[in-house]
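Protein chains in written order, with our numbering: chain P, 16 to 734; chain A, 10 to 79.
(1) With DSSP collapsed to three states, give me the class of residue 489 of chain P.
(2) So which of P:414, P:387 and P:598 has the shortest CA-CA distance to residue 16 of chain A?
(3) Under 8 angstroms between C-beta atoms, does residue 477 of chain P make it to chain A?
(4) What residue range is occupied by the uninterrupted beta strand (DSSP E) comprising residue 660 of chain P?
(5) Going by C-alpha distance, which of P:464, P:298 and P:362 is nearest residue 310 of chain P?
(6) For the segment 18-37 of chain A, enumerate the residues whose C-beta is nearer than 7 angstroms to any C-beta of chain P, in chain order.
(7) Rounded to the nearest angstrom, what separates residue 356 of chain P and residue 564 of chain P at their Cα positions?
(8) For residue 45 of chain P versus residue 54 of chain P, is the C-beta distance shorter than 8 angstroms?
(9) Hey, how far is the Cα of residue 16 of chain P from the Cα of residue 120 of chain P?
(10) Identify the residues that DSSP records as bridge partners of residue 284 of chain P: which are they?
(11) Applying the criterion that 16 or more other CB atoms from any shown protein chain within 10 Å of the CB defines a buried residue, is residue 71 of chain A buried or exposed?
(12) Where are the alpha helix (DSSP H) runs, 4 residues long or more, that stay fully inside the segment 378-406 of chain P, in chain order?
(13) Hey, is residue 83 of chain P's beta-carbon within less than 8 angstroms of any beta-carbon in chain A?
(14) Distance, Cα to Cα, residue 489 of chain P vs residue 369 of chain P?
(15) What are the partner residues of residue 675 of chain P, as DSSP defines its beta bridges?
(16) Using 10 angstroms around the beta-carbon of residue 124 of chain P, count the other beta-carbons present and answer buried if the total reaches 16, otherwise exposed.
(17) Quick one: does residue 62 of chain A have its CB under 8 angstroms from some CB of chain P?
(18) Strictly below 8 angstroms CB to CB, what residues from chain A border residue 631 of chain P?
(19) Measure the Cβ-Cβ separation of residue 408 of chain P and residue 440 of chain P and say whether it is below 8 angstroms.
(20) Less than 8 angstroms between the C-beta atoms of residue 473 of chain P and residue 412 of chain P, yes or no?
(21) Work out the CA separation of residue 687 of chain P and residue 43 of chain P for me, nearest whole Å.
(22) DSSP three-state label for residue 164 of chain P, please.
(23) So, is residue 102 of chain P buried or exposed, given that buried needs 16 or more other C-beta atoms within 10 angstroms?
(24) Beta-carbon of residue 191 of chain P versus every beta-carbon of chain A: anything under 8 angstroms?
(25) Output, in chain order, the set of chain P residues within a Cβ distance shorter than 9 angstroms of residue 45 of chain A.
(26) Measure the C-alpha to C-alpha separation of residue 196 of chain P and residue 152 of chain P and round it to an integer number of angstroms.
(27) Give me the residue from P:301, P:256 and P:249 with the minimum Cα distance to residue 288 of chain P.
(28) I need the DSSP call for residue 67 of chain A, collapsed to helix, strand or coil.
(29) Can you find a CB in chain P that lies within less than 8 angstroms of the CB of residue 70 of chain A?
(30) State buried or exposed for residue 47 of chain A, treating a residue as buried only when at least 16 other CB atoms are found within 10 Å of its CB.
(31) Alpha carbons only, please: which of P:361, P:22, P:647 and P:335 is nearest the one belonging to residue 263 of chain P?
(32) Compute the beta-carbon to beta-carbon distance between residue 623 of chain P and residue 333 of chain P, rounded to the nearest angstrom, for a pair I have assumed lies under 8 angstroms.
(33) Return the first residue and the last residue of the beta strand (DSSP E) that residue 450 of chain P is part of.
(34) Give the single residue among P:57, P:594, P:214 and P:290 whose Cα lies nearest to the Cα of residue 557 of chain P.
(35) Could you have a look at residue 16 of chain P and say whether DSSP puts it in helix, strand or coil?
(36) I'd like to check one pair, residue 353 of chain P with residue 449 of chain P: are the Cβ atoms closer than 8 angstroms?
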């Protein structure tokens, strides 16, 4: 038997073992143990309620008090200890419908949910969107992420990288569905905040109104804390407001979602910089008991080349983007060179085009293959006319007086250093050239402006100049101070900042409530188990990921209008049908194994079950080979695989994908269901009939017996 | 090794980096996908975002990761 880590599952296994092996001889203790088994099974299956644990406790006491059966007393003592040692785990199974170990098959998050740094219950909201229940989908998302619309537009979507559908063809387009649902819910006035706890009279200060800071503020406000957010900029959003251009993320999207947080009573103080306009001492005097720092990484690294400080036409990308976001729409130059290969470089280059620059070139030291920027962003930049100068190393900025005239560069080639498989750009001798340009934007990375936090004595910083935290709680080494977002990770993703803010809110709550802090980051919580949608196997296979409609190219070059126009309603509903519902099917492969090895049929082609080396998947194959025996469904631990008689058909499906439907065969005498033609044929072949079946009549066992053995010589009893 | 988005990797050992936390020992041996190699500069010292099968998404130092054969 494989090792079981989950205490609930351990209890269930012990009960199963005891009952199956008749280790409780007395009928009374056997009955009580069976009742306990049923209740524990409910917990393991995610269908338990508040009354379950008290009921189990009562029954365990009854079992322990019944001294006529020593085996029962022993079992009760073990169960009592198990319930006491792991009380929190039992409660969390009931409350969160989640099993952190993955032992409870029904309570294990899907790969997409596990991959989300904020732990959003992706299969649930995708299913709800598929059913047209967009507002409910947003409610589910906002349990774990207060910014569904923002993330629907700019998330780096780790969920899609782990999407199991991607092992068949392409991942489900989770991000775009989220954007659709958020927009629809807001537009229809159905975008709501979760229920808020009553005010608890305690105050927490959040420094930084970026995604991390506002997420922490949101979760703290929901728990009843009074939250004040300090922001150095004149508006909320942080890097998503001043670092991401409006053609990717319209300001209104941020404003609407921030307004929802504000409506929880969160107080925003703009143009207020911690360390300059307000100090820790003042805040403590104002009654703040805990602090959360999410100050982002707003300072740029220098290029470190001659001329960088000599010309006013040389800009830092992050400052340039911030100025544009705050309303400065001046053209930086006619011919602009952007240095860098990341998303910020791409954003700066595309912004230059929109401001009216005639020629925008992105210079990068390595090849396109090594560019850290998103492939879609690179493609869109290329479509809009950004030029790419790869393997180009900037060496000096050329100019005349105070006017920049060009960028001195060297051509490079990629070489491997001894002992390293990492290729580095090496300048090619004699390859110097001047790239004519009248403005330059450096986008080679950002760092945290740590001097603003100088007054926090003893705060530990990493060698990367980021705040050091325990990532399970986001607590720093200074009592009562927590941190997350880019200030902790370095320039990273919006969803990581949101996840960090959420974890920090939980850490702060525990800190202020005197609850011990966890040693591991939390496992995502499953919010619901939504019914699946039936989709024929053929449809499931042929449905392809929808292409995102884009704004026309002329408008993309000239305005800051949103480039991605969003999925239509039909696209969204169709896309949801591509989901494999990995929240229900855990991909254990038992069905495939049994069909192939036990039944010898091999009707299930599910190559997607493998992570490292996925094989071919063809749901359509089952229709041709399946005998409808139901062995796969019987042995499925999660109920993902089902065999059902509906009307005159026997239907096999996995999470709603109909793999096989065969007409039923009935008893010629009483009309009872005998199975399908293929199943009966399979049985006949397995029985190695001694006598040929001369009769075309088919009877069930009962009718065969009733008709008499002699008269039915030719008719096989089939059930 | 320059990690790319979408690359399959294995956490094949503990890292000596200061960012390695005790709970991360349980990630050793896990397979996953690079979801954010490092947003800007392809720095071998940068922490990279990886999604690990059944374990979740973490930002890890690169010295504990190796590419899985395609």
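Positions of the beta carbon are idealized from the N, C-alpha and C atoms, including for glycine.
Quick look at the numbers:
(1) Three-state result, residue 489 of chain P: coil.
(2) Answer by Cα proximity: P:387.
(3) Closer than 8 angstroms to some Cβ of chain A, the Cβ of residue 477 of chain P qualifies, so yes.
(4) Note, residue 660 of chain P: beta strand (DSSP E), 656-661.
(5) The candidate whose alpha carbon is nearest that of residue 310 of chain P is P:464.
(6) Listed by position, the residues of the segment 18-37 of chain A near chain P (Cβ gap below 7 angstroms) are 27, 28, 30 and 32.
(7) Taking the straight line joining both Cα atoms gives about 25 angstroms.
(8) No.
(9) Because the pLDDT of residue 16 of chain P is 46, which lies under 50, any placement of that residue in the model is unreliable, and the number read from its coordinates should be weighed accordingly. Residue 16 of chain P and residue 120 of chain P: Cα-Cα distance of roughly 16 angstroms.
(10) Paired residue(s): P:245.
(11) Burial is judged here by how many other beta carbons sit within 10 angstroms of a residue's own beta carbon; residue 71 of chain A has at least 16 and is buried.
(12) List check, alpha helix (DSSP H) in window: 390-399.
(13) Taking Cβ atoms only, chain A never reaches closer than 8 angstroms to residue 83 of chain P, which makes this a no.
(14) Rounded to the nearest whole angstrom, the C-alpha separation of residue 489 of chain P and residue 369 of chain P is 39 angstroms.
(15) Looking at the DSSP assignment, residue 675 of chain P forms a beta bridge with P:667.
(16) Around the Cβ of residue 124 of chain P, a 10 Å sphere holds 16 or more other Cβ atoms; the residue is buried.
(17) Chain P, which has a Cβ nearer than 8 angstroms to the Cβ of residue 62 of chain A, makes this yes.
(18) Going along chain A, no residue has its Cβ under 8 angstroms from residue 631 of chain P, so there is no contact; the nearest lies around 16 angstroms.
(19) Contact: yes.
(20) The beta carbons of residue 473 of chain P and residue 412 of chain P sit no closer together than 8 angstroms.
(21) Their Cα atoms are separated by approximately 39 angstroms.
(22) Three-state DSSP puts residue 164 of chain P in a helix.
(23) It is exposed - the Cβ of residue 102 of chain P has fewer than 16 other Cβ atoms within 10 Å.
(24) Residue contact with chain A for residue 191 of chain P: absent (no Cβ-Cβ distance below 8 angstroms to any residue of chain A).
(25) What residue 45 of chain A touches in chain P: 171, 173, 387, 507, 508 and 511.
(26) Rounded to the nearest angstrom, the two C-alpha atoms are 7 angstroms apart.
(27) Out of P:301, P:256 and P:249, P:249 has the C-alpha closest to the C-alpha of residue 288 of chain P.
(28) Residue 67 of chain A: strand per DSSP, three-state reduction.
(29) No, residue 70 of chain A lies away from the interface with chain P (no Cβ there is under 8 angstroms from its Cβ).
(30) Per the 10 Å Cβ criterion, buried.
(31) Selected option, being the one with the closest Cα: P:361.
(32) Between residue 333 of chain P and residue 623 of chain P the Cβ distance is about 41 angstroms, and since that is not below 8 angstroms, they are no contact.
(33) Judged by DSSP secondary structure, residue 450 of chain P falls within the beta strand (DSSP E) whose first and last residues are 448-451.
(34) Answer by Cα proximity: P:594.
(35) Annotation note: pLDDT 46 at residue 16 of chain P (below 50); position unreliable, coordinate value reported separately. Three-state DSSP puts residue 16 of chain P in coil, outside helix and strand.
(36) The answer is no: Cβ separation not under 8 angstroms.
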